Amino acid sequence: MSNPIAWLAELFEGAVQSLFEATGNYGWAIIVFSVILRILIAPTQHMQIASSKRIREVEPLRKAIEKRYKGNPKRIQEETMRLYREYNISPLAGCLPMLLQIPIIWAFFIALRTFEYQGDAGFLWIEHLGQPDPWILPIIAGVTTFLQAKVTMPASSGDSPQQATQQTFLYVMPLFIVWVSRQFPAGLALYWVVSNIVSILQQLIFPPGGRDEPREAVS
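So this is what it looks like as structure tokens:
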């Protein structure tokens, strides 16, 4: 395969077909596939949570920088970046799980669109996993996306740019997922729901460390 996405799509298609032969149902095949895949990419979620945790820890120091260099945006940015380097913080690390999901979702979408179903492709109330489900599954996908973001994002105080971005993501992303799930095959929405549930369970069962002690803000 010359295209990595096409290679992934073929790999996913083969995996789902093998799981169908083992379970006898495409819905269960997608669920098992989703759980396995989510476990494989779990380290990226841990990286996201750890990065958010460190950012929260240095928030008092960042606020002190804003106070000290008020009116000098360039200096604030320079000192903030220096602070992040000192504490080994990468702002982009928090985006890694979502960025990693993009090629996975796209490849799975292609796999489901080109998949040759053998036998019954229905699951629960869904008539065909290769066709969109109009409302129920998209709404579940949106709700689980909100819950997953809620338990993953660390609680923070103040009005930092990161907090504003997180709050926007928290409410906009679920709505976007509902819309997308109504357009794409139900199997893709099922994957998203299961992936969210596994992520939530991972966060609740294996929380990222204990309670943080606030740092002293230097002036």
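Each number in this note's numbering comes from the position in the sequence shown (counting from 1) with 287 added on. Glycine included, each C-beta is placed from N, C-alpha and C at the ideal position. Quick caveat: nothing in here was measured; it's all calculated off a predicted structure.
If you run the structure through DSSP and keep just helix, strand and coil, what is residue i?
i, result
"Phe396", "helix"
"Phe471", "coil"
"Ile323", "helix"
"Phe433", "helix"
"Phe402", "coil"
"Ile413", "strand"
"Gln418", "coil"
"Tyr371", "helix"
"Tyr356", "coil"
"Val345", "coil"
"Asn290", "coil"
"Asn312", "coil"
"Phe463", "helix"
"Ala408", "coil"
"Phe299", "helix"
"Arg498", "Annotation note: pLDDT 43 at Arg498 (below 50); position unreliable, coordinate value reported separately. Residue state, collapsed to three classes: coil."
"Ile376", "coil"
"Ile328", "coil"
"Phe307", "helix"
For the candidate residues the options, whose alpha-carbon lies nearest to that of residue i?
i, options, result
"Pro421", "Leu411, Pro390, Phe471, Ser486", "Phe471"
"Ala351", "Glu366, Lys340, Lys361", "Glu366"
"Tyr371", "Arg341, Ile392, Ile389", "Arg341"
"Ile507", "Val319, Arg362, Trp466, Glu344", "Only positions 288 to 506 of the chain appear in the structure, and residue 507 is not among them; the question remains open."
"Thr310", "Ile328, Ala329, Ala408, Leu386", "Ala408"
"Glu308", "Pro360, Tyr374, Tyr404, Ala296", "Tyr404"
"Val467", "Lys437, Gln418, Val485", "Gln418"
"Glu373", "Leu348, Ile423, Phe493, Leu491", "Leu348"
"Thr331", "Gln304, Ala316, Gln388", "Gln388"
Going along the chain, which residues of its own chain have a beta-carbon closer than 7 Å to the beta-carbon of residue i, five neighbours each way excluded?
i, result
"Thr432", "Met460, Pro461, Ile464, Asn483"
"Asn312", "Phe410"
"Trp393", "Ile292"
"Ala508", "Residue 508 is absent from the structure shown; the chain starts at 288 and stops at 506."
Report yes if the C-beta of residue i is less than 6 Å from at least one heavy atom of the ligand GTP; otherwise report no.
i, result
"Tyr374", "With respect to the ligand GTP, the structure shown offers nothing to examine, as it has no ligands at all."
Apart from the five residues just before and just after residue i, which ones in its own chain have a Cβ nearer than 6 Å to its Cβ?
i, result
"Leu324", "none"
"Val480", "Ile427, Ala428, Thr431"
"Ile413", "Asp420, Ala473"
"Tyr356", "Arg362, Ile363"
"Ser321", "Tyr478, Val481, Ser482"
"Val485", "Val322, Arg325"
Using a Cβ-Cβ cutoff of less than 8 Å, which residues in the same chain neighbour residue i once the five nearest sequence positions on both sides are dropped?
i, result
"Leu434", "Asn483, Ile487"
"Ile318", "Leu477, Val481"
Okay, do the region 415-430 and the region 474-483 touch, 3+ Cβ pairs below 8 Å being the bar? The region 415-430, when compared against the region 474-483, does touch it at the 8 Å Cβ threshold.
With contact counted as at least three CB pairs below 8 Å, one residue from each stretch, are the region 393-402 and the region 295-312 in contact? Touching, yes.
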